[in-house]
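K.L.:
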Amino acid sequence: MKGWMTRFKAVMALTVMALILSGCGEPFLSTLQPSGEGAAMLLELIILSTVIMLFVFVVVMAIYIYVIIKFRQKKGQEDFIPKQTEGSHALETLWTVIPIILLLILAVPTVQYTFAFADVNTPEVSEEGEELDQIWIDVTGKQYWWHFEYEGLDITTSQEIYIPTDRRVYLSMISDDVIHSFWVPSIQGKMDVNPTGNRNEMWLQADEEGVYWGKCAELCGPSHSLMDFKVIAVSPGEFEEWVEDMQGVTGEEEPETATAQAGQEIYEENCLSCHAVGSSPNKVGPNLTNFADRDKLAGVFDMTEENLFEWIDTKGEEMKPGNLMVDAPYDLNEEEINQVIEYLMTLSPSDVTPESADNGVYIDSDLSDLFPEEEEDADEESEEDDEVDEDEETDEETDENDEE
Ligand code: CUA
């Protein structure tokens, strides 16, 4: 009966693990479901190293089990000592050479791919044999968001980059403060961005249209886990359309409604020193050119007016702890914030948006496990949590008293 229970528990544990792990397999966020050349190469390396490790494990376990059975103490032979193999040249050579061969099998493609990922100089060639112009994006990592400048195109964005499918897009990467790491799991490996002035370079390529989730993969402060961004891969035609639309923005466009116009004035007085609309150099806060087209607020929150109100009102203090906006000197009342929101929601220069890239894979996914709840819920929860915490504290105090 006991053995049966143990087996049942083991099966249950495996089932729960399978359920939890299957949640990791979102096609816009998983290294195991590559949607780009880089991620596909990395998956090959993952499979190769796993196969080698499994091979070593199986061989070692087989020998181990064989030895346990073969050399177990037998009745009547308690004093028997098997033949000793210490110092055997043949064995020493064998277990030195086999690992070297295995490491070579692993090292050759790894080094090859490392160079391939770093190759940003070989231009791509079109089907007609013409050299394609390279698209370069300057990437700057900042606490806790990303600044993107399209070289030669006069386009600046934050949090989201648009790229055409089936082409390499080249990234020149640096940080403004601490080390961050740029990672879009389903299309390419990680690359650190350093604050010391040396730029790291890599390329991205997406096979299919889609909204691909990017993460900061280097612990960089209290909001490290909220430093998300998106790579939006659209068809080459849509990409051209997006480029034209973005280039058309000067930041001086006047919105239609009176409320939004009032909002624009408040924005210009209070926000312009840190943010910009239209192409801009790297500033203290994110560029807002296509703010209303973004799918997420601050990279992680749903783009709703409630969340946006909360963000401007509290300067994101609890939504993204440690963000620099907390020090912004503005002081706006409810009406002014709503006017600014109405203005920000007019910042939608293009019909090419995350929806045009997505095939329902990312936007329709149930992402509730992957990132924070909406602020309202979060507030309610934290109040509940506080109550619970207080209870727990009282309990702890009682416990302590008991101990004393
Ligand atoms: Cu930036 Cu972690």
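For the sequence shown, the numbering used here begins at 596 and goes up steadily by one. Cβ atoms here follow ideal geometry from the backbone N, Cα and C, with glycine treated the same way.
#1: Just to confirm, are residue 630 and residue 782 a CB contact at a threshold of 8 Å?
#2: Can we count residue 786 as close to the ligand CUA, meaning its CB is less than 7 Å from some heavy atom?
#3: Is DSSP giving residue 759 helix, strand or coil here?
#4: Hey, quick one: how far does the beta strand (DSSP E) through residue 786 stretch, first residue to last?
#5: In angstroms with no decimal places, state the Cα-to-Cα distance between residue 813 and residue 687.
#6: Which same chain residues end up closer than 7 Å to residue 752 when comparing Cβ atoms and leaving out the 5 residues on each side of it in sequence?
#7: Find the nearest neighbour of residue 733 within the set 754, 718, 719, 721, judged by alpha-carbon distance.
#8: Which whole runs of the beta strand (DSSP E) in the segment 795-875 are 3 residues long or more, in chain order?
#9: By DSSP, does residue 659 sit in helix, in strand, or in coil?
#10: Could I get the ranges of all uninterrupted beta strand (DSSP E) runs contained in the segment 703-765, with 3 residues as the minimum, in chain order?
#11: Nearer than 7 Å: is that true of the beta carbon of residue 768 relative to any heavy atom of the ligand CUA?
#12: Less than 8 Å between the C-beta atoms of residue 925 and residue 865, yes or no?
#13: If you run the structure through DSSP and keep just helix, strand and coil, what is residue 675?
#14: Any idea if residue 603 is buried or exposed, counting beta-carbon neighbours within 10 angstroms, 16 or more meaning buried?
#15: Beta-carbon separation of residue 806 and residue 922 under 8 Å?
#16: What does a CB cutoff of less than 7 Å around residue 993 pick up in its chain, not counting 5 residues either side in sequence?
#17: From the DSSP output, read off the bridge partner residues of residue 892.
#18: Out of 640, 784, 780, 897, point me to the one whose CA is closest to residue 702's CA.
#19: If you count every other CB in all the chains shown that lies within 10 Å of the CB of residue 763, and 16 or more means buried, which is it?
#20: What would DSSP say about residue 623, mapped onto helix, strand or coil?
#21: I'd like to check one pair, residue 739 with residue 689: are the Cβ atoms closer than 8 Å?
#22: Hey, quick one: how far does the alpha helix (DSSP H) through residue 951 stretch, first residue to last?
#23: Is the segment 718-735 touching the segment 670-686, taking contact as three or more C-beta pairs under 8 Å?
#24: Output the boundary residues of the beta strand (DSSP E) element that contains residue 776.
#25: CA-CA distance, residue 612 and residue 620?
#26: Anyone know if the C-beta pair for residue 818 and residue 915 falls short of 8 Å?
#27: Using the DSSP secondary-structure output, state which residues sit across from residue 882 in a beta bridge.
#28: For residue 768, name the three-state secondary structure that DSSP assigns.
#29: State yes or no: is the C-beta of residue 814 nearer than 7 Å to some heavy atom of the ligand CUA?
#30: Tell me the rounded alpha-carbon separation between residue 696 and residue 785.
#31: Thinking just about the alpha-carbon of each residue, which of 658, 648, 759, 872 is nearest to the one in residue 941?
#32: Can you name, in chain order, every residue of its own chain whose Cβ lies under 6 Å from the Cβ of residue 632, other than the five neighbours on each side?
#33: Quick one: any contact between the segment 827-842 and the segment 759-775, if contact means 3 or more CB pairs under 8 Å?
#34: Using only CA atoms, which one of 870, 932, 804, 731 lies nearest to residue 907?
#35: Along the chain, where does the alpha helix (DSSP H) that runs through residue 933 open and close?
#36: Nearest to residue 748 by alpha carbon, out of 840, 904, 599?
P.N.:
Quick answer:
#1: Here residue 630 corresponds to residue number 35 of the sequence shown, with the count starting at 1. Here residue 782 corresponds to residue number 187 of the sequence shown, with the count starting at 1. It is a contact, given that the beta carbons lie within the stated cut-off.
#2: Counting from one through the sequence shown, the residue named residue 786 turns up at place 191. No.
#3: Position 164 of the sequence shown holds residue 759. Residue state, collapsed to three classes: strand.
#4: Here residue 786 corresponds to residue number 191 of the sequence shown, with the count starting at 1. Residues 786-788.
#5: As a position in the sequence shown, residue 813 is number 218, starting the count at 1. As a position in the sequence shown, residue 687 is number 92, starting the count at 1. Residue 813 and residue 687: Cα-Cα distance of roughly 41 Å.
#6: One-based indexing of the sequence shown puts residue 752 at position 157. Within the same chain, residue 752 has close Cβ partners 743, 882, 884, 885.
#7: One-based indexing of the sequence shown puts residue 733 at position 138. Out of 754, 718, 719, 721, 754 has the C-alpha closest to the C-alpha of residue 733.
#8: 795-799, 805-811, 824-829
#9: As a working mapping, residue 659 is identified with position 64 in the sequence shown. Three-state result, residue 659: helix.
#10: 730-737, 740-745, 750-753, 755-759
#11: In the sequence shown, the residue the question calls residue 768 occupies position 173. Not under cutoff, so the answer is no.
#12: For the purposes of this step, residue 925 is taken as the residue at position 330 of the sequence shown. For the purposes of this step, residue 865 is taken as the residue at position 270 of the sequence shown. Yes. Within cutoff.
#13: For the purposes of this step, residue 675 is identified with residue 80 of the sequence shown, where counting begins at 1. Reduced to three states, the DSSP call for residue 675 is coil.
#14: The residue labelled residue 603 in the question sits at position 8 within the sequence shown. Result: exposed.
#15: Translated into the one-based positions of the sequence shown, residue 806 becomes position 211. Translated into the one-based positions of the sequence shown, residue 922 becomes position 327. Result no, Cβ atoms of residue 806 and residue 922 do not sit closer than 8 Å.
#16: By one-based count along the sequence shown, residue 993 stands at place 398. Note on residue 993: pLDDT 41, under 50, position unreliable in the model; the coordinate value appears next. Nothing meets the Cβ criterion.
#17: Numbered from 1 along the sequence shown, position 297 holds the residue referred to as residue 892. Paired residues: 896.
#18: Residue mapping note: residue 702 aligns to position 107 of the sequence shown, counting from 1. Out of 640, 784, 780, 897, 640 has the C-alpha closest to the C-alpha of residue 702.
#19: As a first step, residue 763 is located in the sequence shown; it is residue number 168 there, counting from the start. Burial call: buried.
#20: As a first step, residue 623 is located in the sequence shown; it is residue number 28 there, counting from the start. Reduced to three states, the DSSP call for residue 623 is coil.
#21: In the sequence shown, the residue the question calls residue 689 occupies position 94. In the sequence shown, the residue the question calls residue 739 occupies position 144. Not in contact: residue 689 and residue 739 (Cβ atoms no closer than 8 Å).
#22: Taking the sequence shown and counting its residues from 1, one reaches residue 951 at position 356. Here the alpha helix (DSSP H) through residue 951 covers 949-952.
#23: no
#24: Here residue 776 refers to the residue found at position 181 of the sequence shown. From DSSP, the beta strand (DSSP E) with residue 776 extends over 775-778.
#25: Position 17 of the sequence shown, counted from the first residue, corresponds to residue 612. Position 25 of the sequence shown, counted from the first residue, corresponds to residue 620. Rounded to whole angstroms, residue 612 to residue 620 spans 13 Å at the Cα level.
#26: The residue labelled residue 818 in the question sits at position 223 within the sequence shown. The residue labelled residue 915 in the question sits at position 320 within the sequence shown. The answer is yes: Cβ separation under 8 Å.
#27: Mapped onto the sequence shown, residue 882 falls at position 287. DSSP lists 871 as partners of residue 882.
#28: To locate residue 768, count along the sequence shown from 1; it is residue 173. In this structure, residue 768 counts as strand in the three-state DSSP scheme.
#29: To locate residue 814, count along the sequence shown from 1; it is residue 219. Checking the Cβ of residue 814 against the ligand CUA gives yes.
#30: As a working mapping, residue 696 is identified with position 101 in the sequence shown. As a working mapping, residue 785 is identified with position 190 in the sequence shown. Answer to the nearest angstrom: the Cα atoms are 28 Å apart.
#31: In the sequence shown, residue 941 corresponds to position 346, counting from 1. Comparing Cα positions, the closest option is 872.
#32: Numbered from its first residue, the sequence shown carries residue 632 at position 37. Contacts found: 800.
#33: yes
#34: The residue given as residue 907 occupies position 312 in the sequence shown. Here the closest residue by C-alpha is 932.
#35: Within the sequence shown, numbered from 1, the residue matching residue 933 stands at position 338. Unbroken alpha helix (DSSP H) run through residue 933: 929-939.
#36: Translated into the one-based positions of the sequence shown, residue 748 becomes position 153. When each option's Cα is compared against that of residue 748, the closest is 840.
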